[in-house]
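Data first, discussion second: the structure below is written as structure tokens.
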Amino acid sequence: MSSTSTQQAKFSARNIEMGRSISNSYVRLIIKGARTFESVPEPMKQEVAEKLIEEGRQDLITDPEYLPQEEIDPGFSVNPEEVPAE
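Under this note's numbering, the first residue of the sequence shown is numbered 1179, with each subsequent residue one higher.
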């Protein structure tokens, strides 16, 4: 690996680590109430949302695009005759 490639790899690794650190900061600030999910820069929202979900605080994610989606069982079906009448 050339010297330039090594430097680029180190730079890239530092950027990734810095991004994680910044997203962790946003998570802490959102949980404390000092920031909102809307204030997170768009490129970081996915990572911040994932961390909030890990912390059990998905209630703080105000953009439904970043909330976990329910998985639908493809084998599930409802027979209308089995549904109780209201």
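Yeah, the Cβ is synthetic: ideal placement off N, Cα and C, and Gly gets one too. None of these values were measured; they are calculated from a predicted model.
For residue i, tell me which candidate among the options has the shortest Cα-Cα distance.
i, options, result
"ASP1241", "GLU1220, ASN1257, GLU1232", "GLU1220"
"PRO1246", "PRO1252, GLU1225, GLY1253, ASN1257", "GLU1225"
"SER1201", "ALA1212, THR1214, LYS1210, VAL1218", "VAL1218"
"SER1199", "GLU1260, LYS1229, ILE1239, ASP1237", "LYS1229"
Following the continuous alpha helix (DSSP H) through residue i, name the residue where it begins and the one where it ends.
i, result
"LEU1245", "It is not in any alpha helix (DSSP H) - LEU1245 carries neither H nor E in the DSSP assignment."
"ALA1227", "1223-1232"
So is residue i buried or exposed if we call it buried at 16+ other beta carbons inside 10 Å?
i, result
"VAL1256", "exposed"
"ALA1227", "buried"
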